[in-house]
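Student: Numbering-wise (our numbering), the sequence shown opens with residue 6 and increments by one.
Glycine included, each C-beta is placed from N, C-alpha and C at the ideal position.
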Amino acid sequence: MDRNNSLRKGEQPARQIKAYQSGRFGHHIIPDIRRYRFQRGRRRTMKKKELLTLACLLFAATGVMAEETPTPGRLDPRMRYLAYNPDQVVHLSTAVGATLVVSFAANETVTAVAVSNSKTLAALPRGNYLFFKASQVLPPEPVVVLTASDAGMRRYVFSISSSTLAHLDKEQPDLYYSVQFAYPADEAAARRKEAQDKAAADRLRGEAQYQRRAADLLDQPATTGATGDRNWHYVAQGDRSLLPLEVFDNGFTTVFRFPGNVRIPSIYTIDPDGKEAVANYSVKGSYVEISSVSSGWRLRDGNTVLCVWNTAYDPVGRRPDTGTVRPDVKRVLMEERG
Numbered sequence: 006m007d008r009n010n011s012l013r014k015g016e017q018p019a020r021q022i023k024a025y026q027s028g029r030f031g032h033h034i035i036p037d038i039r040r041y042r043f044q045r046g047r048r049r050t051m052k053k054k055e056l057l058t059l060a061c062l063l064f065a066a067t068g069v070m071a072e073e074t075p076t077p078g079r080l081d082p083r084m085r086y087l088a089y090n091p092d093q094v095v096h097l098s099t100a101v102g103a104t105l106v107v108s109f110a111a112n113e114t115v116t117a118v119a120v121s122n123s124k125t126l127a128a129l130p131r132g133n134y135l136f137f138k139a140s141q142v143l144p145p146e147p148v149v150v151l152t153a154s155d156a157g158m159r160r161y162v163f164s165i166s167s168s169t170l171a172h173l174d175k176e177q178p179d180l181y182y183s184v185q186f187a188y189p190a191d192e193a194a195a196r197r198k199e200a201q202d203k204a205a206a207d208r209l210r211g212e213a214q215y216q217r218r219a220a221d222l223l224d225q226p227a228t229t230g231a232t233g234d235r236n237w238h239y240v241a242q243g244d245r246s247l248l249p250l251e252v253f254d255n256g257f258t259t260v261f262r263f264p265g266n267v268r269i270p271s272i273y274t275i276d277p278d279g280k281e282a283v284a285n286y287s288v289k290g291s292y293v294e295i296s297s298v299s300s301g302w303r304l305r306d307g308n309t310v311l312c313v314w315n316t317a318y319d320p321v322g323r324r325p326d327t328g329t330v331r332p333d334v335k336r337v338l339m340e341e342r343g
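#1: Over the uninterrupted beta strand (DSSP E) stretch that includes Y318, give me the two end residues.
#2: When DSSP builds the beta bridges, which residues end up paired with T169?
#3: DSSP three-state call for D306: helix, strand or coil?
#4: Would you kindly check if the distance between the Cβ of Y89 and the Cβ of Y182 is under 7 Å?
#5: Kindly provide the ranges of any beta strand (DSSP E) runs that are 3 or more residues long and lie completely inside the region 132-171, ordered along the chain.
#6: Does Q242 come out as helix, strand or coil in the three-state DSSP assignment?
#7: Taking buried to mean at least 16 other C-beta atoms within 10 Å of its own C-beta, is W302 buried or exposed?
#8: Rounded to a whole number of angstroms, what is the C-alpha to C-alpha distance between F253 and D319?
#9: Provide the residue span of the beta strand (DSSP E) that contains R262, from first to last.
#10: Are A153 and T114 close, meaning C-beta to C-beta below 7 Å?
#11: Are V142 and T116 touching if we call contact CB-CB under 7 Å?
#12: Please check the pair N133 and A111, which I expect to be a contact at CB under 8 Å, by giving their CB distance rounded to whole angstroms.
#13: So what does DSSP say about K124, is it helix, strand or coil?
#14: What are the residues that DSSP puts in a beta bridge with S271?
#15: Just curious, the beta strand (DSSP E) that F253 is in, first and last residue?
#16: Could you have a look at A103 and say whether DSSP puts it in helix, strand or coil?
#17: Grouping DSSP H, G and I as helix and E and B as strand, with all else coil, what is I38?
#18: Return the CA-CA distance between V184 and V149, expressed in angstroms with no decimal places.
#19: Taking the C-alpha atoms as reference points, what is the distance between S167 and R85?
#20: Just reading off the beta strand (DSSP E) that V288 is part of, what are its end residues?
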């Protein structure tokens with residue numbers, strides 16, 4: 006039994022080998038392996054082709070997106086407009102035998118034009134204009150243009166194509182007659198510079214006008230009633246537009262002198278605790294007289310503020326001994342007059 010069993014056990018490999026030799030495994034298993042390998046290889050090849058096709062499509066789409074198409078005009082789509090962008094390729098489309106003109110900035114001059122084939126595409130620069138004319142159908146091809154101005158050199162890159170059209174009317178979607186550039190960045194910079202120059206000129210004109218008024222007023226005789234010894238030791242801090250021509254006091258009256266047509270600001274006295282109090286003053290021509298003396302004054306006109314400090318302030322002060330706040334006006338009682 007053991008021998009038979011061992012023989013039976015030994016016969017199993019013989020049957021397996023025989024079955025392999027008879028072609029069962031060779032007929033069914035091996036071709037399946039080859040077919041699997043072939044199909045797997047074909048899938049890999051198809052994936053590579055699909056990826057290559059997808060890459061080409063993406064590249065083509067990127068190229069199309071990178072080109073900027075000028076905007077059609079409202080009255081005629083053959084008249085095109087766009088803003089200058091040095092990082093964009095501009096699409097140009099024309100018809101065989103038709104003329105296309107590109108207009109650059111008025112201060113620019115076309116200095117160089119590089120075309121792919123001058124025999125099939127003629128380019129004629131004139132000042133800030135460039136004329137194109139294709140003699141045959143052209144696939145999209147690059148054109149590089151250089152211009153010069155006082156600001157320096159500028160580069161333009163175009164992709165131009167041409168086709169044969171039966172009619173050169175505005176119904177043709179890809180027919181350009183004119184392409185005109187706009188320069189919003191340059192215009193914004195010019196507006197900023199103009200505003201800065203105007204502000205500087207206004208500032209210089211205002212200072213000159215202030216100096217002229219100051220000189221004219223200094224030549225005029227004084228019309229204030231604040232006579233006697235005067236204290237001129239005043240300093241100012243704040244907005245210069247409120248600055249008076251002069252400030253002085255005679256110990257009991259403070260006088261501010263302003264240019265003739267300047268609006269007089271509101272005047273406040275600064276108390277010792279730093280608080281403001283409305284000053285009681287009168288206006289006499291270019292002079293503002295305040296019937297008191299203070300260590301500091303604050304002038305206000307809207308949000309504009311100027312502080313004036315009395316560096317020789319005497320807290321004791323003086324009295325005019327006239328019964329009034331003015332030395333030239335004396336108070337007299339009716340009994341004394343009688």
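Tutor: Taking the geometry as given:
#1: No beta strand (DSSP E) holds Y318; DSSP gives it neither H nor E.
#2: Answer by DSSP bridge pairing: none, since T169 is not bridged.
#3: strand
#4: With respect to Y89, Y182 sits apart: the two C-beta atoms are not nearer than 7 Å.
#5: 134-139, 143-154 and 157-168
#6: The answer is strand: DSSP assigns Q242 an E or B state.
#7: buried
#8: Answer to the nearest angstrom: the Cα atoms are 13 Å apart.
#9: T259 to R262
#10: Closer than 7 Å, so yes.
#11: Between V142 and T116, the gap from beta carbon to beta carbon reaches 7 Å or more.
#12: So it is a contact: roughly 6 Å between Cβ atoms.
#13: Coil at K124, not helix or strand.
#14: In the DSSP assignment, S271 is bridged to R305.
#15: E251 to D254
#16: coil
#17: Since pLDDT at I38 reaches only 47, below the 50 mark, its modelled position is unreliable, and the value read off the structure follows with that caveat. Looking at I38 - three-state DSSP - the assignment turns out to be helix.
#18: For V184 and V149, the distance between alpha carbons rounds to 15 Å.
#19: Taking the CA atoms as reference points, S167 sits about 16 Å from R85.
#20: Unbroken beta strand (DSSP E) run through V288: Y286 to K289.
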